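First the structure, in the form of structure tokens, and then the observations on it.
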Amino acid sequence: MLPENRVAVRAVRSVYRSVVAGKRPGATPLVLHGPPGTGKSHLSASLAQRLSTSPNGVTVRVVSAGDVSRSPEESLTDDELTDCDLLALEDVQQLSEHKTDAACDLLDRRTARRRATVVTAHAGPSQLANLPHRLTSRLSAGLVVQLGPLTPASRRAILAEVAIAKKVRLTDEALDWLSEQVTGGGVRATLGLLQNLAQVASAFPGPLTRADVQQTLAETGQPTSAPNDISRIVERVAAAFGVSEKELLGPSRLRSVLQSRQVAMYLARELMGLSLPRLGAAFGRDHTTVLHACRKVETALTEDTELAKRVRDLRAVLA
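Straight run, no breaks: the sequence shown in the numbering used here ends on number 396.
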């Protein structure tokens with residue numbers, strides 16, 4: 078069990094035991110949130126899969142908020158969604174405005190009927206500025222668990238385990254380099270590298286060295302470092318705030334420039350899952366400046382609706 082998701086795993090196991098035993102879940106809904114690739118959807122899907130194959134007739138429904146919002150045929154008023162033993166609502170931040178009332182009603186009905194509900198989101202309820210308070214308050218009333226970006230040590234552990242399963246032999250140096258270089262801090266990015274390496278590993282008589290890995294990934298065009306991704310974030314944020322990229326990365330303390338810089342740091346941390354020191358190096362600041370910027374933006378998003386919309390639009394473009 079990785080330290081970044083230990084609490085989330087325990088919460089999911091608790092839901093599993095409650096549903097199998099036919100008991101009322103502790104706190105509901107269970108809200109799992111974190112940047113892309115941190116494993117929240119994996120945990121939710123694993124729970125749904127285990128329960129759907131349990132021998133005691135447990136009923137499970139998995140619903141994507143994005144699909145519900147895009148399709149007029151998808152509804153949150155279906156009796157099956159109310160009565161199923163487990164409902165997994167994925168990516169609740171994608172729920173459109175005209176579906177939020179139905180979502181509130183659904184959560185209320187499921188709570189009244191003692192049904193377990195798991196919700197995933199890219200941020201905690203208080204940070205979902207595009208959703209109305211009546212919905213986020215219901216989410217906050219449950220158990221809210223954050224999944225943080227994976228550390229290099231955790232990425233290394235996953236790489237080592239999956240490499241064995243895929244029969245990709247790597248030297249310790251190659252494993253260390255991969256765990257440090259992969260961007261995003263998430264599971265998907267880590268496993269994506271192994272997919273590319275697995276295709277060529279059989280051609281090598283011995284374990285792949287760091288040089289072998291670097292050459293293979295370069296030939297397949299697999300990104301392994303952050304600068305290009307951060308450059309894209311800087312470019313988009315600068316354009317959205319009407320400042321130049323040079324100003325955003327420079328020393329200016331003008332309010333418009335300062336806010337754009339803080340938003341770029343906030344989005345880079347949220348979407349890429351990079352450590353504070355690494356973000357600081359990318360923006361030419363120390364890690365305490367990055368931490369201050371992220372906290373300042375988090376607070377501002379709850380108070381400034383215009384900023385919240387701008388950040389939401391940027392997130393949609395960059396995600």
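Backbone N, C-alpha and C define an ideal beta-carbon position, used for all residues, glycine too. Remember, it's a predicted structure, so these values are computed and weren't measured experimentally.
- For Leu164 against Thr188, the beta-carbon gap comes to about 11 Å, at or over 8 Å, which does not count as contact.
- Taken in chain order, the complete beta strand (DSSP E) segments of 3 or more residues contained in the segment 206–292 are 220–223.
- Distance from the CA atom of Gly201 to the CA atom of Gly111, rounded to whole angstroms, is 8 Å.
- Rounded to the nearest whole angstrom, the CA to CA distance from Val334 to Pro328 is 9 Å.
- For secondary structure counted as the beta strand (DSSP E) over 3 or more consecutive residues, the segment 91–118 holds these complete runs in sequence order: 107–110.
- When the five nearest sequence neighbours on each side are left out, the beta carbons in the same chain lying within less than 7 Å of the beta carbon of Val92 are those of Pro102, Leu107, Leu124, Ala193 and Val195, in order along the chain.
- For the options Leu153, His364 and Arg362, the alpha carbon positioned closest to that of Thr177 is the one of Leu153.
- Excluding five sequence positions before and after Thr105, the CB atoms of its chain that fall closer than 8 Å to its own CB belong to Arg187, Thr188, Arg192, Ala193, Thr194, Gly219 and Leu220, given in chain order.
- Residue pairing by DSSP leaves Leu368 without any beta bridge partner.
- Each residue's CA atom was taken as its position, placing His210 and Leu255 some 42 Å apart.
- When secondary structure is reduced to three states using DSSP, Ser337 falls in the helix class.
- The Cβ atoms of Val135 and Val96 lie closer than 9 Å to each other.
- With respect to Thr382, Ala206 sits close: the two C-beta atoms are nearer than 9 Å.
- The bridge partners DSSP lists for Leu163 are Val137 and Ala193.
- Per DSSP, Ala393 is one residue of the alpha helix (DSSP H) stretching across Thr382 to Leu395.
- Boundaries of the alpha helix (DSSP H) harbouring Gly357: Leu353 to Phe360, taken from the DSSP string.
- Here the alpha carbons of Ala370 and Arg313 stand approximately 18 Å from one another.
- Assigned with DSSP and collapsed to three states, Ala198 falls in strand.
- For Glu322, the enclosing alpha helix (DSSP H) stretches over residues Glu322 to Leu326.
- The Cβ atoms of Ser352 and Thr228 sit closer than 9 Å to each other.
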